[in-house]
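In the working numbering, the protein residues as written are 943 to 1135. By construction, the Cβ of each residue, glycine as well, lies at the ideal position given by its N, Cα and C atoms. These figures come from a predicted structure and were not determined experimentally. Below: one structure, written as structure tokens.
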């Protein structure tokens, strides 16, 4: 703001940029970028509300996040078995502690295989999810990128058959060890993945 009027300058450039807003000389502002286009948008107010409206007319607006994402979220390495998850949820409600989300880390999976449930630790995940929802909780299950190398495991077999996994420079599927053991990794540059 200068002289009680508001204006905005949007410099549409992703490279390293330097701004001097009157420090060198109060008579001018200086902007420079190491590369890229010099695309400036000057947005006159006269008030800050008009500047923000002008800016969002250019760039669009960000949708508001869902309310539950702004609340307290309870997370730790391992909440298992299922009864422990429900006990934690119950304690939050009994003690009147606001909590919107409970996270499950990799312990919920069957032998750390993504998109699976360990049915011994979590005998009825659908009911658990419904019960948590009824108590006002969201449940977030963590998913790691490593897919266990395991013939007969549907996710692995389908990915291998369809070329969904990252490869080395010779086209050989890249493998490495992570939580489930020897694993392959989705090729997120492949739009089919």
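Closest residue to residue i among the options (Cα-Cα distance)
i            : options                   : result
residue 1046 : 990, 1073, 1016 and 1072  : 1016
residue 949  : 996, 1007, 1031 and 1062  : 996
residue 1057 : 967, 1009, 1090 and 994   : 1090
residue 998  : 1036, 951, 1131 and 947   : 951
residue 947  : 991, 954, 960 and 1128    : 991
residue 1084 : 984, 1135, 1132 and 1055  : 1055
residue 1133 : 1104, 1003, 1069 and 968  : 1104
residue 1124 : 953, 1087 and 1037        : 1087
residue 1061 : 1025, 1096, 1092 and 1078 : 1025
residue 982  : 1117, 964, 1131 and 959   : 959
residue 898  : 1006, 1078, 1008 and 1004 : Coverage of the chain is limited to positions 943 through 1135, which leaves residue 898 absent and any answer about it impossible.
8 Å CB neighbourhood of residue i in its chain, flanking five on each side removed
i            : result
residue 1059 : 1050, 1051, 1052 and 1067
residue 1115 : 1102, 1107, 1108, 1109 and 1126
residue 1010 : 1042, 1043 and 1080
residue 1028 : 1070, 1073 and 1074
residue 1121 : 1048, 1054, 1086 and 1088
Presumed contact (8 Å Cβ cut-off) between residue i and residue j, rounded CB distance
i            : j            : result
residue 1020 : residue 1074 : Contact flag wrong, Cβ pair sits at about 17 Å.
Residues near residue i by beta carbon distance below 7 Å, same chain, minus five either side
i            : result
residue 957  : 975, 976, 977 and 978
residue 1023 : 1063 and 1064
residue 943  : Below a pLDDT of 50, predicted positions are generally treated as unreliable, and residue 943, at 47, falls in that range; no measurement from the model is reported.
residue 1095 : 1055
Beta-ladder partner(s) of residue i, from DSSP
i            : result
residue 1115 : 1109
residue 1128 : 1107
residue 1083 : 1046
residue 1090 : 1125
residue 986  : 949
residue 972  : 962
residue 1120 : 1123
Contacts around residue i, its chain only, beta-carbon distance under 6 Å, and the 5 residues preceding and following it disregarded
i           : result
residue 980 : none
Residue-level contact to chain C via CB, residue i, 9 Å cutoff
i           : result
residue 990 : Checking the listed chains, one finds no chain C in this structure; it contains a single protein chain.
> Which parts of the region 1005–1054 are runs of the beta strand (DSSP E), unbroken and 3 residues or longer, counting only runs that do not cross its ends?
Replying inline: DSSP runs (the beta strand (DSSP E)) wholly in the region 1005–1054: 1043–1046.
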